[in-house]
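Under our numbering, the letters of the sequence shown match residues 53 to 419, in that order.
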Amino acid sequence: MSAVKEIETPASTSIFEMVGNMGHEQLVFCNDEATGLKAIIGIHNTVLGPALGGTRMWNYASEQEAVTDVLRLSRGMTYKAAISGLNLGGGKAVIIGDATKIKNEALMRRFGRFVDSLGGRYITAEDVNMKTKDMEYVHMETEHVTGIPEAMGGSGDPSPVTAYGVYMGIKASAKKVYGSDSLKNKSVAVQGVGQVGMYLVEHLVKEGAKVFITDINQEKLKLVAKNTGAQVVSMDEIYDLDVDIYSPCALGATVNDETIPRLKAKIIAGAANNQLQNEAKHGYMLLDYGITYAPDFLINAGGLINVGAEYYGTYNREATLKQTEGIYDTCMRIFSLAEAEKIATQEAAIKIAEQRIEAMGKVKLSY
Ligand code: NAD
Numbered sequence: 053m054s055a056v057k058e059i060e061t062p063a064s065t066s067i068f069e070m071v072g073n074m075g076h077e078q079l080v081f082c083n084d085e086a087t088g089l090k091a092i093i094g095i096h097n098t099v100l101g102p103a104l105g106g107t108r109m110w111n112y113a114s115e116q117e118a119v120t121d122v123l124r125l126s127r128g129m130t131y132k133a134a135i136s137g138l139n140l141g142g143g144k145a146v147i148i149g150d151a152t153k154i155k156n157e158a159l160m161r162r163f164g165r166f167v168d169s170l171g172g173r174y175i176t177a178e179d180v181n182m183k184t185k186d187m188e189y190v191h192m193e194t195e196h197v198t199g200i201p202e203a204m205g206g207s208g209d210p211s212p213v214t215a216y217g218v219y220m221g222i223k224a225s226a227k228k229v230y231g232s233d234s235l236k237n238k239s240v241a242v243q244g245v246g247q248v249g250m251y252l253v254e255h256l257v258k259e260g261a262k263v264f265i266t267d268i269n270q271e272k273l274k275l276v277a278k279n280t281g282a283q284v285v286s287m288d289e290i291y292d293l294d295v296d297i298y299s300p301c302a303l304g305a306t307v308n309d310e311t312i313p314r315l316k317a318k319i320i321a322g323a324a325n326n327q328l329q330n331e332a333k334h335g336y337m338l339l340d341y342g343i344t345y346a347p348d349f350l351i352n353a354g355g356l357i358n359v360g361a362e363y364y365g366t367y368n369r370e371a372t373l374k375q376t377e378g379i380y381d382t383c384m385r386i387f388s389l390a391e392a393e394k395i396a397t398q399e400a401a402i403k404i405a406e407q408r409i410e411a412m413g414k415v416k417l418s419y
């Protein structure tokens with residue numbers, strides 16, 4: 053593996069080229085006529101352990117788009133696990149189709165059987181358009197699933213832990229930029245107040261930060277504003293606010309050619325996956341603009357830490373939160389490396405993750 057890559061995939065790229073380019077081990081196409089299931093499981097790297105990552109259901113415009121998504125997402129999981137010190141590899145699955153139309157018990161259980169057929173090389177969990185109930189169906193067919201409800205002995209919703217890790221990442225970034233990690237009187241623009249965003253806003257407000265929020269969903273927005281006193285702004289306005297910190301907690305690719313010149317924030321730190329539209333280009337563009345970027349796959353790893361503990365049977369919410377606190381120190385380590393080597397923070401983070409994978413790969417050479 054090598055550090056940051058251009059991972060845009062033109063339509064002419066063959067599947068083996070795409071898989072090879074990003075260094076994946078395995079790509080599994082799952083097809084079932086009876087239930088209408090069309091799924092792809094991507095296993096990126098299992099040097100550190102079995103590949104753990106959620107299942108996303110999405111109505112992709114093309115099969116190529118679904119392949120690209122599963123390849124990108126599973127690669128991100130490898131780095132997330134590695135940098136968080138977990139003994140897990142990187143994987144992810146996508147199910148192609150409109151969740152409101154095709155999702156049902158039979159389809160989810162059939163998917164569970166495909167997961168089971170991999171014998172534990174891939175462990176699934178919830179992602180976009182998946183609910184805990186869906187994981188219950190998957191669990192009827194395989195043990196290789198996490199994010200099971202607490203009532204069934206699982207770890208429940210990982211979002212509060214993810215939010216806590218993002219909060220740690222924001223504090224570490226403030227320490228780097230302002231010399232203090234206190235967020236009192238710091239202004240933060242939070243894009244998306246869903247499962248993670250709403251818990252994050254609570255942490256920020258509690259510490260005395262001035263918080264601005266936006267969301268497509270007006271009801272959620274009003275509720276979070278009412279509960280926390282955060283100020284509502286429009287969806288487009290979020291990029292132009294005169295704030296200290298921009299925290300993307302909705303979508304990927306919001307850090308791009310168009311938005312970077314508009315941002316006045318000195319820090320970008322949020323929960324969304326794949327925030328940089330182009331990892332290499334925009335990582336360096338932020339460096340040029342003097343904006344400190346806390347790598348997304350590091351600071352949103354709380355959820356993975358949570359489900360990882362569930363999988364290994366060592367789950368304890370307090371211990372998980374303590375482990376998630378470690379994100380602060382890892383951020384500081386990455387900022388130091390990036391500064392010393394004059395490289396983008398994203399590149400520094402990938403470098404540290406790859407070093408761990410390489411070193412641990414050597415440990416496993418002998419039994
Ligand atoms: P969610 O779906 O609960 O919340 C996302 C919110 O963003 C929703 O309220 C949605 O209405 C809003 N939104 C969508 N498009 C928007 C736009 N253009 N502008 C403003 N708001 C918009 O998801 P979540 O679980 O809170 O996750 C948030 C992000 O963090 C996602 O990118 C997810 O992949 C990532 N993430 C989540 C976890 C977790 O534990 N839940 C872990 C790691 C990463």
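Glycine included, each C-beta is placed from N, C-alpha and C at the ideal position.
The criterion of a C-beta distance shorter than 8 angstroms is satisfied by A317 and I297. The alpha helix (DSSP H) runs lying completely inside the region 247-311 and spanning 4 residues or more are 247-258 and 270-280, given in chain order. Relative to ligand 1, the beta carbon of C82 is positioned no closer than 7 angstroms to any heavy atom.
Taking the Cβ of I357 as the reference point, every heavy atom of ligand 1 lies at 7 angstroms or farther away. Assigned with DSSP and collapsed to three states, N83 falls in strand. Bounds of the beta strand (DSSP E) holding T107 are T107 to W110. Across the structure, K228 and F387 are spaced so that their CA atoms are roughly 8 angstroms apart. Using a Cβ-Cβ distance cut-off of 8 angstroms, the region 344-352 and the region 208-222 are in contact, since at least three pairs of beta carbons, one from each stretch, lie closer than that value.
DSSP, reduced to helix, strand and coil, places I95 within a strand of the structure shown. DSSP, read as helix, strand or coil, puts K403 in helix.
Within the DSSP secondary-structure output, A145 pairs in a beta bridge with I93 and T107. Classified as buried, D348 has 16 or more neighbouring CB atoms from the shown chains inside 10 Å of its CB. If you draw a straight line from the Cα of I395 to the Cα of L338, it is about 11 angstroms long.
Here I95 is not near R161, since their CB atoms are 8 angstroms or more apart. In this structure, S136 has its beta carbon at no less than 7 angstroms from each heavy atom of ligand 1. In the three-state reduction of the DSSP assignment, L339 falls in the helix class. E178 counts as buried, since no fewer than 16 other beta carbons sit within 10 angstroms of its beta carbon. Using a 10 angstroms sphere on the CB of Q407, the tally of other CB atoms stays under 16, which defines it as exposed. Between the C-alpha atoms of N358 and M187 there is a straight-line separation of about 16 angstroms.
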